[in-house]
Amino acid sequence: MQYWLFKSEPDEYSIDSLKAEKNSTGRWDGIRNYQARNLLRDEIKVGDGVLFYHSSCKNVGVAGSAIVVSEPYPDPLQFDSLSKYYDAQSSPDNPRWFSIDIQYNAHAKKFLTLTTIKATKELSDMTLVKQGRLSIQPVKKHEWEIILSACGILSEND
DNA sequence: GCCAACGTTGGC
DNA sequence: GCCAACGTTGGC
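Just so we're aligned, residue 352 is where the first sequence starts under this note's numbering, counting upward by one.
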C-alpha cells in the first residue's frame, strides 16, 4: 500500500463534496500536469491511501483522508469541448490525461494546517514543503502515520 | 493582489 | 536542444 496527497481548492471540490457524492465516491479529474499525470497513470493503485489537502483558501492544510477505488482511466473532461479541461490534441485512441475514483474515508478531527506541517521536523522532507506546486504527491509511510495521528484519524483502512 | 517557483511554448 | 517569454500555481 502506498500513500498520496491530493490537492484541491475547496471552493471547487472539498472533502465535504467528496463525502456528499453517491457512495461518497468521486472522480479525481482535471489533472493537467505531466508529473501528476504520470503518478496517477503509472503509480497509484487501488487501495492506496489519500490525504485530501485544501489549497488556495483561507485555511490550507490536510482536511481528511480517502482511499483509491479505481484503476486509472481516461479523464472524460479532456473530450468535452465545453469543459475548461478540454484538450483538442487528445483523442480517445490516445488519451493524454487520466482520472481515478476515490472514496471518502474520514474528516480530520483536527485540521492540520500547512503552518503546522512546516513546523514539524519529521515532515520537512515532504514535497508539499519543498515543492509547493505539485497537485499529486507521494507521501512516505511515516509521514502518513504522523499526519493521520495529528489529524485524529484512526487508520481504519489498514 | 503580489510574487516566487515552476511548467510550457515556440523561434532559432 | 537551447532558452527567452509567457502562463500557472499557490502561499501569504
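Note that beta-carbon positions come from the ideal geometry of N, C-alpha and C, so glycine has one too.
Cβ-Cβ distance between residue i and residue j below 8 Å
i, j, result
"ALA417", "TYR455", "yes"
"GLU360", "SER407", "yes"
"PRO446", "PRO423", "no"
"GLN488", "TRP355", "yes"
Sheet register partners of residue i (DSSP bridge)
i, result
"PHE403", "PHE357 and GLY415"
"ARG378", "ASP452"
"VAL490", "TYR354"
8 Å Cβ shell around residue i - same chain, five flanking residues per side excluded
i, result
"TRP379", "PHE357, LEU391, SER450, ILE451, ASP452 and ILE453"
"VAL480", "ILE468, LYS469 and LEU474"
"TYR436", "ASP380, GLY381, ARG383, ASP426, LEU428, GLN429 and TRP448"
Same chain, Cβ closer than 7 Å to residue i, neighbours up to 5 away in sequence not counted
i, result
"ASN508", "In this predicted model, ASN508 has a pLDDT of only 49, less than 50, meaning its place in the structure is not dependable; the value taken from the coordinates is given anyway. So the qualifying residues of the chain are GLY400, ILE418 and ASN456."
"TYR364", "none"
"GLU386", "Note on residue identity: the sequence assigns Gln, not Glu, to residue 386. These residues qualify, in order along the chain: LEU485."
Cβ-Cβ separation, residue j to residue i (assumed contact under 8 Å), whole Å
i, j, result
"ILE382", "ARG388", "6 Å"
"VAL413", "LEU402", "5 Å"
Close-in-space but distant-in-sequence residues of the same chain around residue i (CB under 6 Å, 5 per side omitted)
i, result
"GLY377", "LEU369"
"GLY415", "ILE366, PHE403, ALA457, HIS458 and ALA459"
**Prompt:** Enumerated in chain order, which unbroken segments of the beta strand (DSSP E) with a length of 3 residues or greater are wholly contained in the region 403-476?
**Reply:** Every beta strand (DSSP E) of 3 residues or more that sits fully in the region 403-476 is shown, in chain order, as 412-419 and 449-464.
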